[in-house]
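Using the numbering used here, the letters of the sequence shown correspond one by one to residues 1222 to 1349. The C-beta atom is built at its ideal place from N, Cα and C for all residues, glycine as well. One structure below.
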Amino acid sequence: MAFRPGIFLRCARGCCPDCAEPLPSGWAGMLSVPPVCSGCGLSLRRGGGFFLGAMVWNYGLIAFGALPVLAVLHLCGLLGRAASVQAAVAAALLLPVALNGIAWRLWLGTYYGFLPEQLPSEGRRADD
Ligand SMILES: [Zn+2]
């Protein structure tokens, strides 16, 4: 199992992992990923707990990306205690929604980067 960074980068740029069709951008693309690729018919939102990977990416981006920045700003004295807590609560409540589409793209890139044989172009049924 070799990771294919090209597939990951294709998804991170907002394209289908299989056919490279651009996924919706703007607000629609930021908030979610369509259930099916309009270019090749690949099911992007597979069943059976597939969404858990996107949740892990979402949690990781917030817990290891946004919240440490707030902690550093507080430790440097740029944010007071109350402002830090308010910003952390706002980040914990708002960022999961705002980062949903990005987390899905990163998850699709991770999944198909490690398992490219799961792509329809590699022989798997598109609706599976
Ligand atoms: Zn596609």
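Nearest-angstrom Cα distance between Glu1343 and Asp1239? 9 Å
Neighbour-count burial assignment, Pro1226, 16 or more Cβ in a 10 Å radius: exposed
What number of angstroms, rounded off, separates the C-alpha of Ala1313 from the C-alpha of Ser1246? 24 Å
Compute the Euclidean distance between the alpha carbons of Leu1336 and Ala1223, then round it to the nearest angstrom. 8 Å
Under 9 Å between C-beta atoms of Leu1340 and Tyr1333: yes
Do Gly1250 and ligand 1 come close, with the Cβ less than 8 Å from some heavy atom? no
Collect the residues with a C-beta less than 6 Å away from any heavy atom of ligand 1 and give them in sequence order along the chain. Cys1237, Asp1239, Cys1240, Glu1242, Cys1258, Gly1260, Cys1261 and Leu1263
With a cut-off of 8 Å, do at least 3 Cβ pairs link the stretch 1274-1288 to the stretch 1302-1321? yes
Count the other CB atoms within 10 Å of the CB of Ala1324; is the residue buried (16 or more) or exposed (fewer)? buried
Have a look at Gly1250, Ala1308, Glu1242 and Cys1261 and flag the residue whose alpha-carbon is nearest the alpha-carbon of Asn1321. Gly1250
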